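Student: What follows is a structure written as structure tokens; I'll ask about it next.
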Amino acid sequence: MTYNPQRALELLRIGSGSSNATFREGQENAIGHIVDGRGRLLVVQKTGWGKSFVYFIATKLLREGGSGPALLISPLLALMRNQVAAAERMGVRAVTINSDNVDEWTQVEAKLNRGEVDILLISPERLANERFRTQVLASIAAQISMLVIDEAHCISDWGHDFRPHYRLLERIVKTLPPNLRLLATTATANNRVMEDLAAVLGPKLDVSRGDLNRTSLSLQTIRLPSQAERLAWLAQQMAVLQGHGIIYTLTVRDANQVADWLKTRGFNVEAYTGETGDRREALEQALLNNRVKALVATTALGMGYDKPDLAFVIHYQMPGSVVAYYQQVGRAGRALDSAYGVLLSGQEESDITDWFIRSAFPTRQEVAEVLGALEEEENGLSVPELLSRVNLSKGRVDKTIALLSLEAPAPIAKQGTKWQLTAATLSEGFWARAERLTALRRDEHQQMKDYVNLPFGDHMGFLIHALDGNPSTIIRPVLPPLPTDVDEALVREAIAFLRRTSLPIEPRRKWPDGGMPQYGVKGLIASGHQAQPGKALCVWGDAGWGGLVRRGKYHDGKFADDLVGACAKMVREWSPQPNPTWVTCVPSLRHPDLVLNFANRLAAALGLPFHKVIEKTDDRPEQKTMANSTQQARNIDGSLALNDQQVPSGPVILVDDMVDSRWTLTVAAWLLRKSGSGEVYPMALSQTGHDE
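When we follow this note's numbering, the leftmost residue of the sequence shown carries the number 1, and every step to the right adds one.
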């Protein structure tokens, strides 16, 4: 098939909605390369260059020439809405099969079979789905005219966003006919990643690489160790910064907290995270239409989101790598002469990044536990069954299973809902790769620490050099640096805000899988025996009260009077109904006086009597040593009982210092309710912050 330049330009103008649009440098060459069938192509171009126009225009030209549909694999289906809209404007019939549109799968498959689809968009995880491979992909495989791999750096072991299922592409590419058109695109690939992609996507991979310099971006780094200082700085700058932008955080909790703080200061912002759910599209649109000043986002709003006139991207904490940072800050200033990219650096970020690095791969011990449990069960185990056999969190079990199942050959395989051992053994190559990647990520983390310490004006050159680009075209930042000082009064208000935040404790409504044998209960917890919704003052060790809780438990051996006052205030503002008439606490053999003393002082502050009615019957390991909910439930089973004191009949506040799995509070509440107490309101000084 021969490339038609006039038709390509016409499609660009229709898709962009601009009658005088012209191709950017390299775009037309890339389209021609693919359409003419000149071999496999990797396009490395900065964010906003228009990689999606390359594959959508190529798809349309191929279809008009009588070729079959294209297959596009992307990790960002939820963020491709505006690209798909542009494709549809030029008459490209784009459909997707993903976990969000299960209701449409049958309709999409029927369209594919009737030849009414030009390009099918899927996530890499879909390739692991047996039904998709055998019933959908197999039926169109022979007709596919082009395979597009978006965000191709994710294939690479060196890639910053290591999506395990991208490894399946390596196997799929090896089985493709050598003349099948293949286009891979990314904004961020240093030489290491490029070498990896050439090995996976080869044998002959041409590369189209553009200039990574972003002349519109004025980059700056500011070291503000405490969260309160950074919250104060954000409130100051939101009042004067022109335009609209994104504020990135490393965790979901921080995104929600920063958004809540800025709302209290009168700013129209919203949090956007992996937990935002079906509000995502509305929030993306709100920022596109300038109806919010900013979205406070995790990397859930990362690659693929396109608002060309974003005036600023601010990082609340330092990301873990240059590749991740360039991707995120590159959202700003695509269609503006000038925009800010400011990185705020704080004391907690290294701990967070270190946790991400340490938890990226399972340990040898975790793999041994999972394989050992499967070895003992000939018919295999489901994930819930595995959790009852191994002392690992669900997240660690899921991670271990995902990575082991993607090995070739894989030591485990899924039969229905159960995982079983195969004849294969895990190769040492798995551990070599994990060690190599972990070491690389530590190097990349250090690179970001070096970036934070650069003087104003040196940042863009550093990024481009780190990405193995050409730093010779760098110019000085267009905009002046933003102020680095913070208002002390505003810092004090931010501290007060951090200390005002309380967290819900949701009651458990059913017993764990397999029940609690020693208590003789299983299934649903009777509604009259459940705890009520409760409250925790803070997250363990956080920037509000968390540090004081940690000090009280492990340094002073007594919780400070300030914590008694804060909890009394929290209970009064909470005002659970019907009103509590007494206070009790969860007992401990390890620290018998710690919570008892605190609960007595809290009862006095609330003007309520304290009654010690629950006792610990035997010593068990600390709950924090139990890694998943099932193990934590088993650890509590039979270990709490009521003593010989009369249980008062009124509603009660049940006090503990830490809440993690909620099983201790669940059992204590069940014992109290069963013995005639009124409603039980759990109250803890802190949540552990564990995802489980």
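Heads up, the beta-carbon is just placed ideally off N, CA and C, and yes, glycines get one too.
Given the structure is predicted, the values throughout are model-derived calculations rather than measurements.
Name the DSSP bridge partner or partners of I246?
Tutor: Here residue 246 refers to the residue found at position 246 of the sequence shown. In the DSSP output, where bridge partners are listed per residue, I246 has L295, V313.
Student: Taking contact to mean at least 3 C-beta pairs separated by less than 8 Å, is the stretch 219-238 in contact with the stretch 46-57?
Tutor: Flag = no, the stretch 219-238 and the stretch 46-57 do not touch.
Student: Can you name, in chain order, every residue of its own chain whose Cβ lies under 8 Å from the Cβ of P5, other than the five neighbours on each side?
Tutor: Looking up residue 5 in the sequence shown gives position 5. Hits under 8 Å: E28, G32.
Student: Taking C-alpha atoms, which residue in L404, E10, R508, A58 lies nearest to P533?
Tutor: Position 533 of the sequence shown, counted from the first residue, corresponds to residue 533. The shortest C-alpha separation from P533 is found at R508.
Student: Quick check on L672: does DSSP put it in helix, strand or coil?
Tutor: Numbered from its first residue, the sequence shown carries residue 672 at position 672. In this structure, L672 counts as helix in the three-state DSSP scheme.
Student: So is F356 buried or exposed if we call it buried at 16+ other beta carbons inside 10 Å?
Tutor: Taking the sequence shown and counting its residues from 1, the one referred to as residue 356 is at position 356. It counts as exposed.
Student: Please give me, in chain order, every unbroken run of the alpha helix (DSSP H) with length at least 4 that falls completely inside the stretch 224-285.
Tutor: Listed in chain order, the complete alpha helix (DSSP H) runs (minimum 4 residues) inside the stretch 224-285 are 227-238, 252-264.
Student: Between which two residues does the alpha helix (DSSP H) containing P682 stretch?
Tutor: For the purposes of this step, residue 682 is identified with residue 682 of the sequence shown, where counting begins at 1. Element bounds for P682: not the alpha helix (DSSP H) but the beta strand (DSSP E), 680-687.
Student: According to the neighbour-count rule (16 or more other Cβ atoms, all chains shown, within 10 Å of its Cβ), is E679 buried or exposed?
Tutor: Along the sequence shown, one-based indexing puts residue 679 at 679. Result: buried.
Student: For N191 and D660, what's the separation of their Cα atoms in angstroms?
Tutor: Locating residue 191 in the sequence shown gives position 191, where the first residue counts as 1. Locating residue 660 in the sequence shown gives position 660, where the first residue counts as 1. Distance between the alpha carbons of N191 and D660 is about 44 Å.
Student: For T625, tell me which candidate among F430, Q687, N391 has the shortest Cα-Cα distance.
Tutor: Indexing the sequence shown from 1 puts residue 625 at position 625. When each option's Cα is compared against that of T625, the closest is N391.
Student: Hey, out of A434, E435, F462, whose CA is closest to Q447's CA?
Tutor: Looking up residue 447 in the sequence shown gives position 447. Selected option, being the one with the closest Cα: F462.
Student: Rounded C-beta distance between R181 and M146? I'm assuming under 8 Å.
Tutor: Looking up residue 181 in the sequence shown gives position 181. Looking up residue 146 in the sequence shown gives position 146. That pair is a contact at about 4 Å.
Student: Within the chosen definition, does the stretch 187-203 reach the stretch 31-47 through at least 3 CB pairs nearer than 8 Å?
Tutor: With a cut-off of 8 Å, the stretch 31-47 and the stretch 187-203 count as touching, because enough Cβ pairs lie within range.
Student: Using 8 Å for Cβ pairs, my map puts S345 next to R441. What's the rounded Cβ distance?
Tutor: The count along the sequence shown starts at 1 and reaches residue 345 at position 345. The count along the sequence shown starts at 1 and reaches residue 441 at position 441. About 18 Å separates the two Cβ atoms, so there is no contact after all.
Student: Using 10 angstroms around the beta-carbon of S359, count the other beta-carbons present and answer buried if the total reaches 16, otherwise exposed.
Tutor: Taking the sequence shown and counting its residues from 1, one reaches residue 359 at position 359. Flag for S359 reads exposed.
Student: Report yes if the C-beta distance between V370 and L404 is below 9 Å; otherwise report no.
Tutor: Numbered from 1 along the sequence shown, position 370 holds the residue referred to as residue 370. Numbered from 1 along the sequence shown, position 404 holds the residue referred to as residue 404. Cβ distance < 9 Å, so V370 and L404 count as in contact.
Student: In three-state DSSP terms, what is G17?
Tutor: Start at 1 with the first residue of the sequence shown, and residue 17 comes out as number 17. G17: coil per DSSP, three-state reduction.
Student: The alpha helix (DSSP H) spanning P384 covers which residue range?
Tutor: As a first step, residue 384 is located in the sequence shown; it is residue number 384 there, counting from the start. Element bounds for P384: 383-389.
Student: Going by other Cβ atoms of all chains shown within 10 Å of its Cβ, with 16 needed for buried, is H445 buried or exposed?
Tutor: In the sequence shown, counting from the first residue as 1, residue 445 sits at position 445. By the neighbour-count rule (16 or more Cβ atoms within 10 Å), H445 is buried.
Student: Nearest to A494 by alpha carbon, out of P124, K111, W261, T353?
Tutor: Here residue 494 refers to the residue found at position 494 when the sequence shown is read from its first residue. Considering only alpha carbons, the answer is W261.
Student: Would you please state the rounded distance, in angstroms, between the beta carbons of M1 and G68? I believe it to be under 8 Å.
Tutor: Taking the sequence shown and counting its residues from 1, the one referred to as residue 1 is at position 1. Taking the sequence shown and counting its residues from 1, the one referred to as residue 68 is at position 68. About 12 Å separates the two Cβ atoms, so there is no contact after all.
Student: In whole angstroms, give me the CA-to-CA distance for L12 and E116.
Tutor: Counted from its first residue, the sequence shown places residue 12 at position 12. Counted from its first residue, the sequence shown places residue 116 at position 116. Approximately 22 Å, taken between the alpha carbons.
Student: According to DSSP, is Y305 helix, strand or coil?
Tutor: The residue labelled residue 305 in the question sits at position 305 within the sequence shown. Coil.
Student: For P203 and N179, what's the separation of their Cα atoms in angstroms?
Tutor: Position 203 of the sequence shown, counted from the start, is the residue given in the question as residue 203. Position 179 of the sequence shown, counted from the start, is the residue given in the question as residue 179. Taking the straight line from one Cα to the other gives about 11 Å.
Student: Given this structure, state the Cα-to-Cα distance separating A684 from S338, to the nearest angstrom.
Tutor: On the sequence shown, residue 684 is found 684 positions in, with the first residue counted as 1. On the sequence shown, residue 338 is found 338 positions in, with the first residue counted as 1. One C-alpha to the other measures close to 48 Å.
Student: Say whether the stretch 415-432 touches the stretch 133-140, bearing in mind that this needs 3 or more beta-carbon pairs closer than 8 Å, one atom from each stretch.
Tutor: Counting Cβ pairs under 8 Å, fewer than three are found: no touch.
Student: Tell me where the alpha helix (DSSP H) around Y326 begins and ends.
Tutor: The residue you call residue 326 lines up with position 326 of the sequence shown. Its alpha helix (DSSP H) spans residues 322-329.
Student: Please check the pair A560 and L548, which I expect to be a contact at CB under 8 Å, by giving their CB distance rounded to whole angstroms.
Tutor: Counting from one through the sequence shown, the residue named residue 560 turns up at place 560. Counting from one through the sequence shown, the residue named residue 548 turns up at place 548. About 6 Å separates the two Cβ atoms, so the contact holds.
Student: Run the CB neighbour count on T425, radius 10 Å, all protein chains shown included, and call it buried at 16 or more, exposed below.
Tutor: As a position in the sequence shown, residue 425 is number 425, starting the count at 1. So T425 ends up on the exposed side.
Student: Let's see if you can read the secondary structure: which residues bound the alpha helix (DSSP H) around Q446?
Tutor: Your numbering for residue 446 matches position 446 in the sequence shown. Q446 -> alpha helix (DSSP H) spans 428-452.
Student: Alpha helix (DSSP H) containing Y340: first to last residue?
Tutor: Position 340 of the sequence shown, counting from 1, holds the residue named residue 340. That residue, Y340, is in no alpha helix (DSSP H); its beta strand (DSSP E) goes 339-345.
Student: Which same chain residues end up closer than 8 Å to E692 when comparing Cβ atoms and leaving out the 5 residues on each side of it in sequence?
Tutor: Translated into positions along the sequence shown, residue 692 becomes position 692. Because E692 carries a pLDDT of 30, less than 50, the predicted location of this residue cannot be relied on, and the following value inherits that uncertainty. Excluding sequence neighbours, E692 sits near S393, K394, G395, A627, N628, S629, D660, S661.
Student: What residue range does the beta strand (DSSP E) around W419 cover?
Tutor: As a first step, residue 419 is located in the sequence shown; it is residue number 419 there, counting from the start. It spans 418-421 - the beta strand (DSSP E) in which W419 sits, taken as one unbroken run.
Student: Hey, is the stretch 244-258 in contact with the stretch 308-325, meaning 3+ C-beta pairs nearer than 8 Å?
Tutor: Contact holds: three or more Cβ-Cβ distances are below 8 Å.
Student: Helix, strand or coil, according to DSSP, for A110 in the structure here?
Tutor: Taking the first residue of the sequence shown as position 1, residue 110 is located at position 110. Three-state result, A110: helix.
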